[in-house]
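In full-length UniProt numbering, the protein residues as written are 1 to 419. We put the beta carbon where it would ideally sit given N, CA and C, even for glycine. Note that the structure is predicted; figures quoted are calculated from it, not measured.
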Amino acid sequence: MSSNYSLHRYRVAYHSLNNPNNSTHFGNYFASIYLHFHVLERKWRSFLFVSILSILFIFFYLTLSSFNNTTFISSNLTIIVSDLEEIISTTTRTTISTERLSKIKSYEEEQQTLNSSRLMELPPINNTPSNSGLPLCPNPPPFLVGPIPTWMDGPKMDKIEQLYSNKINIGGHGMPKECTSGHKVAIIVPYRDREQHLRIFLHNMHSILQKQQIDYGIFIIEQVTGQTFNRGKLMNVGFVEANRYYDWQCFIFHDVDLIPEDDRNLYNCPQQPRHMSVAVDKFNYRLPYYSLFGGAGALTKKQMTKTNGFSNDYWGWGGEDDDFSARISYAGYTISRYPSTIAKYKMIKHVKEASNPINLCRHILMKKTKFRWNKDGLINLNYKIISTKFNLLYTNITVDLLEEESRRNLTLQHLGEGC
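Set out below in structure tokens:
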């Protein structure tokens, strides 16, 4: 039956192709295809059929994979932005994962580390007095002079407090009194065991930020002792924690040992992420390489969330800044810079800390940045707040970065033993 039916189809196709009265080009075309296909041996027909199906499967698979990779970071980071206030409202240990982003719950009952005295001194979000009734500050600020002296002596903390006691609010929050600033800027500083550097930094930074008429706050994110230093993860913690207290729109991630030498180097956020420490005296005031984003850099809240923040996995010195530079590119941004004649910095001399050894895994991690950047960062940040202190000159947040847990996860997900 099957053989007779096949023969019948062959004859129909043959007569259709050779019928002079048949003027349908499509009919002739398909009849021709059928005849050529039919004369092939059965094994070759099967091979051709399987090949066509395989090509179609590969095409649809690649198309679907590309679509998923493109939409994964967009959809998940949109959730981060929309739920950022909920994330930071009550938690003292933050674990942001893909699964939890869609339905974030309070950690307050599970992990409450705030004592009653800290709760009393903890200012509510957006509690700082507003000067919005005043006119907008002029652009550019009128008090800028260009090159400025840098104070490298580091006076005692109480002396610095006396200088700024009537100019800033508790927690290191300053704003111009004569006008409304157009920039709300959080300065995030990763820190540990550099008390003299901190005094020098605060002495210089409050002065320049006041002249630039910026609505700003300084957040010192201090890592507990006994852990390998992790600059990138401290930056992420600072970003999340700073958002608890004020509607910051711009975030400047700043090493404590860099002091600006020109007040025209504005501490605000442009349309593209800005690398601020372009010309550092240690490098003869030259940019070491074009993709560098280390030292000091400025990003808007949107830019920071779209890049998924810094990597959490660079334990020790090196790599996290180049990783972040790549994230900026993958997120669709380009690095902007002031001219080297303006973006000049002095670096405070210091000895190499034993707790910040060279990261031997940095090159392995950087090779995987393209595949990891949308899974490693703000989206999977985990840490535990030890204390928050609101000093006059700055807000100090001491944090446990959960190194053992993070390294264990890193080993399972990305690297071999011992990295």
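{"Check": "Cβ atoms of Asp313 and Leu365: under 7 Å apart, would you say?", "Outcome": "yes"}
{"Check": "In three-state terms, what does DSSP make of Ser336?", "Outcome": "strand"}
{"Check": "Have a look at Pro273 and Glu404 and give me their C-alpha separation to the nearest angstrom.", "Outcome": "32 Å"}
{"Check": "Let me check one thing: in DSSP terms, what residues is Pro260 bridge-paired to?", "Outcome": "Tyr345"}
{"Check": "Once you ignore the five residues that flank Glu261 on each side, which residues in its own chain have a CB closer than 7 Å to its CB?", "Outcome": "Pro147, Ile148, Thr150, Lys344, Tyr345 and Lys346"}
{"Check": "Restricting to Cα atoms, I'd like to know which of Ser207, Ile188, Ala186 and Val185 is closest to Val145.", "Outcome": "Ser207"}
{"Check": "For Glu241, which of Ile214, Pro190 and Arg199 has the nearest alpha-carbon?", "Outcome": "Pro190"}
{"Check": "Taking its Cβ as the centre, do 16 or more other Cβ atoms sit within 10 Å of Met235, making it buried, or is it exposed?", "Outcome": "buried"}
{"Check": "Using only the alpha-carbon positions, how far apart do Lys233 and Pro135 sit?", "Outcome": "38 Å"}
{"Check": "Kindly indicate which residue of Gly319, Arg327, Pro288 and Asn284 has the alpha-carbon position closest to the one of Ile303.", "Outcome": "According to the sequence displayed, residue 303 carries Gln and not Ile. Nearest of Gly319, Arg327, Pro288 and Asn284 to Gln303, Cα basis: Arg327."}
{"Check": "On a CA-only basis, which of Leu209, Leu401, Tyr394 and Ala331 is nearest Arg372? Give me that one, please.", "Outcome": "Ala331"}
{"Check": "Taking C-beta to C-beta, are residue 422 and Gly319 nearer than 7 Å?", "Outcome": "The question about residue 422 has no answer here: the residues shown for the chain are numbered 1 through 419."}
{"Check": "Quick one: residues in its chain with C-beta nearer than 7 Å to the C-beta of Gln196, no 5 flanking neighbours on either side, listed in chain order?", "Outcome": "Gly154"}
{"Check": "Need the endpoints of the alpha helix (DSSP H) that Asp247 sits in, please.", "Outcome": "Careful: Asp247 lies outside any alpha helix (DSSP H) and carries neither H nor E."}
{"Check": "What's the gap between the Cα of Asp257 and the Cα of Asp215?", "Outcome": "23 Å"}
{"Check": "Consult DSSP for Glu222 and reduce its assignment to one of helix, strand or coil.", "Outcome": "strand"}
{"Check": "Apart from the five residues just before and just after Phe253, which ones in its own chain have a Cβ nearer than 6 Å to its Cβ?", "Outcome": "Ile188, Met235 and Gly297"}
{"Check": "Rounded to whole angstroms, what's the CA-CA distance from Pro138 to Gln249? Just pull it up for me.", "Outcome": "19 Å"}
{"Check": "Reducing DSSP to helix, strand and coil, say where Leu234 ends up.", "Outcome": "helix"}
{"Check": "Helix, strand or coil for Arg327 per DSSP?", "Outcome": "helix"}
{"Check": "Beta-carbon separation of Ser311 and Asp400 under 7 Å?", "Outcome": "no"}
{"Check": "Within its chain, find whatever has a CB closer than 6 Å to the CB of Gln213; leave out the 5 residues flanking it on each side and keep chain order.", "Outcome": "Cys137, Pro141, Pro176 and Ser181"}
{"Check": "In its own chain, which residues sit with a C-beta less than 6 Å from the C-beta of Gly238, not counting the 5 before and 5 after it?", "Outcome": "Ile188, Phe219 and Ile221"}
{"Check": "Whole angstroms is fine: what's the gap from Glu178's alpha carbon to Pro339's?", "Outcome": "30 Å"}
{"Check": "Taking all protein chains shown into account, do 16 or more other C-beta atoms lie within 10 angstroms of the C-beta of Gly133, making it buried, or fewer, making it exposed?", "Outcome": "exposed"}
{"Check": "When you compare each of Lys282, Lys301, Val50 and Leu381 to Asp247 by their alpha carbons, which one comes out closest?", "Outcome": "Lys301"}
{"Check": "Got a sec, what are the start and stop residues for the alpha helix (DSSP H) Ile148 sits in?", "Outcome": "Segment: none, Ile148 is in no alpha helix (DSSP H) and carries neither H nor E."}
{"Check": "Rounding to the nearest angstrom, what Cα-Cα distance links Arg337 and Val280 in this structure?", "Outcome": "13 Å"}
{"Check": "Looking at the structure shown, is His350 part of a helix, part of a strand, or coil, going by DSSP?", "Outcome": "coil"}
{"Check": "Does any C-beta atom of chain B lie closer than 7 Å to the C-beta of Asp247?", "Outcome": "Of the chains in the structure shown, none is chain B; there is only one protein chain."}
{"Check": "Using the beta-carbon count (16 or more within 10 Å), is Thr225 buried or exposed?", "Outcome": "exposed"}
{"Check": "Tell me whether His363 sits in a helix, a strand or coil according to DSSP, three-state version.", "Outcome": "helix"}
{"Check": "What residue range does the alpha helix (DSSP H) around Asn204 cover?", "Outcome": "Glu195 to Lys211"}
{"Check": "I'd like the list of long-range same chain contacts for Ile170, defined as Cβ closer than 8 Å, with 5 residues on each side in sequence excluded.", "Outcome": "Pro123, Phe390, Asn391 and Leu392"}
{"Check": "Starting from the Cα of Asn230, find the closest Cα among Ile358, Asn409, Phe47 and Leu53 and give me that residue.", "Outcome": "Ile358"}
{"Check": "Quick one: using the 10 Å Cβ neighbour count with 16 as the cut-off for buried, is Ile385 buried or exposed?", "Outcome": "buried"}
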